[in-house]
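Residue numbers (my numbering), protein chains in the order written: chain D, 50 to 178; chain C, 314 to 673.
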């Protein structure tokens, strides 16, 4: 994705991860800033379905040609689905970080945790872009 | 990649700096210079060089002139290769060694005239190489000159590279491993049939003030700007050494696989140590490897059982992690398997042929 973009309907984590909440389910991914800093993604190490993720802790890694980066869970819960397309097309994380580049879907452990995340404007302010 | 050694010293900029910024390049510190690491993206740039043509700004590299009646004798002292074999208008690869055989730099030398040679040095080593040359001149009738400020350097590489450059050249371009003075779009340029990507192409040495015009002309004819990140993936795929990674003063050329450019009978500084290393090989030797599973091994990763990765990246052309590693000789045969500790996870690797990537 060529130009910086931060959808207003998402919630954001300071480690450059986003969450899209839908009732007691959430989808996670990394932000435009994160994929831009990484460069061309070549591997996404998907966690197992059923794995527990914990807010503020890394739950997997994403690797680019030149670097590897932890991916942090914005919220706690259980992995119910992983994006299988990323195994063959990891570049979706660069091309469409909020859409086709989604990483995991989880069942939230505690929906109230969302109040600890930033909205779009607060996150963008941390970037100083 | 190495940064500026002294954070207080401002980074230097090449004559193409404004072009890189205008093209949206991500600029990073490299060997004391502010250089483009990528424009569009490393994978796209890599494929452009393999498929059509790319242009690199390598003006950070240094140049040293050696001229005079004893220029040949002098270069025989400091360069590992047999400089007597270097004909006028030809290019030759060498290493520069210390007395103990440790490698100080790897370089290309071009013979521009009967007693006129130009050596291109790695940016990080230029000052040290110049001091080394001056310190070892002795009483020889040779003038050593620092030419780094006189030249910008552009590399045009890929299957269409020669066609693109030929279109703006008055005369036929020199062949591979040869060099000739040319005129490109009216600009005096030293054209060298050399490169660091494994593709055909040329490297251009020209006055810094003239470099933007030639850069523009080559891009207008279809070459894609390519940054340092793709330069690394391209050279690693063809197993070219990177000084500071695969080469350093702690290791000699034999264990690095560069015995072919060492001619001990010329008596170069370090020749006896190199001769001895041929007879009594070091414990480890540099090998190309491919990972046999997902992951990327990187410089500094430990080889399980002994050894280390010195070059490592993702190969866009092979779609697998590749690199160069020093491993114990007993485990260096083609097909030997070993494990690399990649951030605590063991990744399986196999010793592969050089080059890792071949044009089909």
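Glycine included, every Cβ here is placed at the ideal spot set by N, Cα and C.
Anyone know if the C-beta pair for residue i and residue j falls short of 9 Å?
i	j	result
residue 154 of chain D	residue 74 of chain D	yes
residue 467 of chain C	residue 527 of chain C	yes
residue 132 of chain D	residue 84 of chain D	no
residue 79 of chain D	residue 146 of chain D	yes
residue 393 of chain C	residue 599 of chain C	no
residue 644 of chain C	residue 613 of chain C	no
residue 363 of chain C	residue 624 of chain C	no
residue 469 of chain C	residue 519 of chain C	no
residue 352 of chain C	residue 539 of chain C	yes
residue 191 of chain D	residue 91 of chain D	Any property of residue 191 of chain D remains undetermined from this structure, which presents chain D solely from 50 to 178.
residue 387 of chain C	residue 449 of chain C	yes
residue 408 of chain C	residue 422 of chain C	no
residue 616 of chain C	residue 638 of chain C	yes
Taking 9 Å as the threshold (beta carbon to beta carbon), is residue i in contact with chain C?
i	result
residue 115 of chain D	yes
residue 14 of chain D	Since the displayed chain D opens at 50 and closes at 178, residue 14 of chain D lies outside it and no answer follows.
residue 73 of chain D	no
residue 168 of chain D	no
residue 92 of chain D	yes
residue 140 of chain D	yes
residue 159 of chain D	no
residue 132 of chain D	no
residue 53 of chain D	no
residue 106 of chain D	no
residue 177 of chain D	no
residue 88 of chain D	yes
residue 64 of chain D	no
Compare the C-beta of residue i against all C-beta atoms of chain D and say whether one is closer than 9 Å.
i	result
residue 289 of chain C	Because chain C here runs from 314 to 673, residue 289 of chain C falls outside it and cannot be looked at.
residue 656 of chain C	yes
residue 675 of chain C	Since the displayed chain C opens at 314 and closes at 673, residue 675 of chain C lies outside it and no answer follows.
residue 364 of chain C	no
residue 334 of chain C	no
residue 368 of chain C	no
residue 609 of chain C	yes
residue 474 of chain C	no
residue 557 of chain C	no
residue 351 of chain C	yes
residue 613 of chain C	no
residue 355 of chain C	yes
residue 510 of chain C	no
residue 344 of chain C	no
residue 546 of chain C	yes
residue 461 of chain C	no
residue 674 of chain C	Nothing about residue 674 of chain C can be reported from this structure: the residues present for chain C run from 314 to 673 only.
residue 542 of chain C	yes
Kindly indicate which residue of the options has the alpha-carbon position closest to the one of residue i.
i	options	result
residue 493 of chain C	C:446, C:400, C:565, C:409	C:400
residue 458 of chain C	C:513, C:364, C:452, C:431	C:431
residue 647 of chain C	C:669, C:595, C:660	C:669
residue 601 of chain C	C:553, C:356, C:586	C:553
residue 513 of chain C	C:642, C:413, C:625, C:365	C:365
residue 588 of chain C	C:348, C:425, C:412	C:412
residue 373 of chain C	C:394, C:567, C:521	C:521
residue 339 of chain C	C:355, C:371, C:402, C:575	C:355
residue 595 of chain C	C:569, C:475, C:398	C:569
residue 347 of chain C	C:353, C:367, C:371, C:640	C:371
residue 560 of chain C	C:449, C:530, C:536, C:438	C:438
residue 530 of chain C	C:506, C:555, C:499	C:499
residue 149 of chain D	D:176, D:134, D:54	D:134
residue 63 of chain D	D:100, D:71, D:72, D:107	D:107
Under three-state DSSP, which class holds residue i?
i	result
residue 378 of chain C	strand
residue 64 of chain D	coil
residue 658 of chain C	strand
residue 118 of chain D	strand
residue 315 of chain C	Here residue 315 of chain C scores only 44 on pLDDT, less than 50, and its place in the model should not be relied on; the value that follows carries that caveat. Residue state, collapsed to three classes: coil.
residue 388 of chain C	helix
residue 473 of chain C	coil
residue 132 of chain D	coil
residue 491 of chain C	strand
residue 666 of chain C	coil
residue 166 of chain D	coil
residue 502 of chain C	strand
residue 156 of chain D	strand
residue 482 of chain C	strand
residue 101 of chain D	strand
residue 83 of chain D	helix
Taking 8 Å as the line, does the beta carbon of residue i fall inside it for any heavy atom of the ligand MN?
i	result
residue 62 of chain D	Among the components of this structure there are no ligands whatsoever, and the ligand MN is therefore not found.
Worksheet item: What are the start and end residues of each continuous beta strand (DSSP E) run of 3 or more residues lying completely inside the stretch 578 to 650 of chain C, in chain order?
Response: For the stretch 578 to 650 of chain C, whole beta strand (DSSP E) runs of length 3 or above, ordered along the chain, are 597 to 604, 621 to 628, 633 to 641.
Worksheet item: What alpha helix (DSSP H) runs, 4 residues minimum, are completely inside the stretch 513 to 591 of chain C?
Response: Within the stretch 513 to 591 of chain C, the complete alpha helix (DSSP H) runs of at least 4 residues are 524 to 533, 541 to 550.
Worksheet entry | Runs of alpha helix (DSSP H) wholly within the stretch 319 to 377 of chain C (minimum 4 residues, chain order) | For the stretch 319 to 377 of chain C, the continuous alpha helix (DSSP H) assignments of 4+ residues that do not extend past its boundaries occur at 330 to 335, 355 to 364, in sequence order.
Fill in: Start-end ranges of the alpha helix (DSSP H) lying completely within the stretch 389 to 449 of chain C, minimum 4 residues
Within the stretch 389 to 449 of chain C, the runs of alpha helix (DSSP H) that reach at least 4 residues and sit entirely inside it are, in chain order, 439 to 448.
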